[in-house]
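Heads up: the structure comes next, in structure tokens.
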Amino acid sequence: MSTYQRIGIAEARLLAARDDVSLLDVRDPNAFRQGHVYGARNVNEKDVPRLVEELSKSAPLVIYCYHGNSSRLYARVFAAQGFAEVYSVDGGYDAWRSSSAAAGVGAPG
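Mapping the sequence shown onto full-length UniProt numbering, position 63 (from 1) lands on 63, and the numbers just tick up by one.
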């Protein structure tokens, strides 16, 4: 069974810059509308079966939530489904927004 890795903001930024990465924001839709990491998709548990079929299992999958707790649950699910590179962002969106990575944070566009 595959596992996931917990990563910090610096590593998350590097991964987010890759062309083949999928960024998943698992916060509620209202929080996502108020701001999110550029290129992220807002998803919830109902989206998981579709995403398992749709996303490349060999490409990096970076998941974040508010603080880094819920993202670990999602990361376990995707890793168990055979995704090779699954990452949960420690500190979540709050840490990303408050870090020097703020240049990669924005409202929907």
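C-beta: ideal position from N, C-alpha, C; glycine also.
Have a look at the options and flag the residue whose alpha-carbon is nearest the alpha-carbon of residue i.
i          : options           : result
residue 65 : 3, 11, 97 and 15  : 97
residue 28 : 21, 22, 72 and 41 : 41
residue 53 : 20, 89, 99 and 81 : 81
residue 46 : 77, 37, 34 and 32 : 77
residue 9  : 35, 68, 49 and 21 : 68
residue 92 : 83, 18, 79 and 73 : 73
Give me the Cα-Cα distance between residue i and residue j, rounded to the nearest whole angstrom.
i           : j          : result
residue 70  : residue 26 : 7 angstroms
residue 57  : residue 7  : 19 angstroms
residue 51  : residue 44 : 10 angstroms
residue 48  : residue 34 : 23 angstroms
residue 101 : residue 89 : A caution first: residue 101 carries a pLDDT of 49, below 50, which makes its placement in the model unreliable, though a value can still be read off. Each residue's alpha carbon lies about 13 angstroms from the other.
residue 95  : residue 32 : 15 angstroms
Just to confirm my understanding: we take residue i, look at its own chain, exclude 5 residues before and 5 after, and list those with CB closer than 8 angstroms. What are they?
i          : result
residue 87 : 4, 5, 6, 7, 11, 12, 15, 60, 61, 62, 63 and 75
Just to confirm, does residue i get its C-beta within under 6 angstroms of one of the non-hydrogen atoms of the ligand NAD?
i          : result
residue 34 : What this structure holds is no ligand at all, so the ligand NAD is not there to describe.
Would you mind stating whether residue i and residue j have Cβ atoms separated by less than 7 angstroms?
i         : j          : result
residue 2 : residue 55 : no
Take residue i and list the residues in its own chain whose beta-carbon comes closer than 7 angstroms to its own, dropping the five residues that flank it on each side.
i          : result
residue 39 : 16 and 23
residue 19 : none
residue 99 : 9
I'd like the list of long-range same chain contacts for residue i, defined as Cβ closer than 6 angstroms, with 5 residues on each side in sequence excluded.
i          : result
residue 83 : 57 and 61
residue 79 : 2, 3, 4 and 86
residue 36 : 25
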